[in-house]
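The structure appears below as C-alpha coordinates.
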Amino acid sequence: LILVKEDIHTILKKRLGLDDMFPTPDLIKWETLAHSLDRLQENKDVQGSIQQVSIAIVGKYNGLSDSYLSVTKALTHSA
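Residues 56 to 134, numbered by the working numbering, are exactly what the sequence shown covers, in order.
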(Lines of atoms letter the chains of each structure in order from A and count residues from 1; the text may use other names and numbers.)
(Lines give C-alpha, C1' and ligand atoms only; values in the text may rest on other atoms or scores of the structure.)
Protein backbone atom coordinates (compact mmCIF):
# COMPACT_ATOMS: atom_id res chain seq x y z
CA LEU A 1 0.00 0.00 0.00
CA ILE A 2 2.89 2.33 0.75
CA LEU A 3 4.43 1.59 -2.64
CA VAL A 4 1.18 2.50 -4.40
CA LYS A 5 1.18 5.83 -2.57
CA GLU A 6 4.73 6.29 -3.89
CA ASP A 7 3.37 5.64 -7.43
CA ILE A 8 5.40 2.45 -7.96
CA HIS A 9 2.78 1.05 -10.33
CA THR A 10 3.35 3.90 -12.77
CA ILE A 11 7.13 3.43 -12.63
CA LEU A 12 6.80 -0.32 -13.23
CA LYS A 13 4.31 0.23 -16.03
CA LYS A 14 6.78 2.47 -17.86
CA ARG A 15 9.88 0.32 -17.18
CA LEU A 16 8.23 -2.96 -18.18
CA GLY A 17 6.26 -1.53 -21.10
CA LEU A 18 2.88 -2.55 -19.73
CA ASP A 19 0.76 -0.27 -21.86
CA ASP A 20 -2.44 -2.26 -21.28
CA MET A 21 -2.16 -2.08 -17.49
CA PHE A 22 -4.86 -0.24 -15.55
CA PRO A 23 -3.80 3.28 -14.50
CA THR A 24 -4.21 2.48 -10.80
CA PRO A 25 -4.41 -0.95 -9.15
CA ASP A 26 -7.62 -2.07 -7.48
CA LEU A 27 -6.53 -2.71 -3.91
CA ILE A 28 -9.85 -2.69 -2.06
CA LYS A 29 -9.64 -6.37 -1.02
CA TRP A 30 -5.96 -6.01 -0.15
CA GLU A 31 -6.61 -2.91 1.98
CA THR A 32 -9.39 -4.73 3.83
CA LEU A 33 -7.05 -7.65 4.57
CA ALA A 34 -4.21 -5.35 5.64
CA HIS A 35 -6.42 -3.39 8.01
CA SER A 36 -7.84 -6.55 9.58
CA LEU A 37 -4.29 -7.83 10.12
CA ASP A 38 -3.33 -4.51 11.69
CA ARG A 39 -6.19 -4.92 14.16
CA LEU A 40 -5.02 -8.45 14.93
CA GLN A 41 -1.48 -7.20 15.42
CA GLU A 42 -2.78 -4.65 17.89
CA ASN A 43 -4.21 -7.71 19.69
CA LYS A 44 -7.69 -6.25 19.93
CA ASP A 45 -10.84 -6.78 17.96
CA VAL A 46 -13.51 -4.20 17.14
CA GLN A 47 -15.04 -4.34 20.63
CA GLY A 48 -11.61 -3.97 22.27
CA SER A 49 -11.37 -7.44 23.77
CA ILE A 50 -8.04 -9.24 23.69
CA GLN A 51 -7.68 -11.95 21.06
CA GLN A 52 -5.55 -15.05 21.35
CA VAL A 53 -4.07 -16.94 18.42
CA SER A 54 -3.10 -20.60 18.70
CA ILE A 55 -0.44 -21.93 16.36
CA ALA A 56 0.28 -25.63 15.93
CA ILE A 57 3.55 -26.96 14.57
CA VAL A 58 3.21 -30.23 12.72
CA GLY A 59 6.31 -32.14 11.78
CA LYS A 60 8.14 -35.40 11.79
CA TYR A 61 10.52 -34.64 14.68
CA ASN A 62 8.23 -33.02 17.27
CA GLY A 63 9.80 -34.97 20.14
CA LEU A 64 13.19 -33.29 19.69
CA SER A 65 13.34 -29.86 21.31
CA ASP A 66 15.70 -28.29 18.72
CA SER A 67 14.01 -29.67 15.60
CA TYR A 68 11.89 -26.62 14.93
CA LEU A 69 13.75 -24.14 17.11
CA SER A 70 14.05 -21.56 14.32
CA VAL A 71 10.29 -21.68 13.75
CA THR A 72 9.59 -21.39 17.48
CA LYS A 73 12.01 -18.47 17.84
CA ALA A 74 10.51 -16.69 14.83
CA LEU A 75 7.02 -17.02 16.28
CA THR A 76 8.22 -15.79 19.68
CA HIS A 77 9.92 -12.73 18.21
CA SER A 78 6.99 -11.92 15.95
CA ALA A 79 4.61 -11.63 18.90
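No residue lacks a Cβ here, since even glycine has one placed at the ideal position from N, Cα and C.
Judged by beta-carbon spacing, Lys69 lies beyond the 7 Å limit of Met76, meaning their Cβ atoms are not closer than that value. Approximately 12 Å separates the beta-carbon atoms of Leu58 and Ala89; this is outside 8 Å, ruling out the contact. If the five residues before and after Tyr123 are omitted, its C-beta is found closer than 7 Å to the C-beta atoms of Ile112 and Gly114, all from its own chain and listed in chain order.
Of the residues Val126, His64, Asp74 and Asp121, the one whose Cα lies closest to the Cα of Leu82 is His64.
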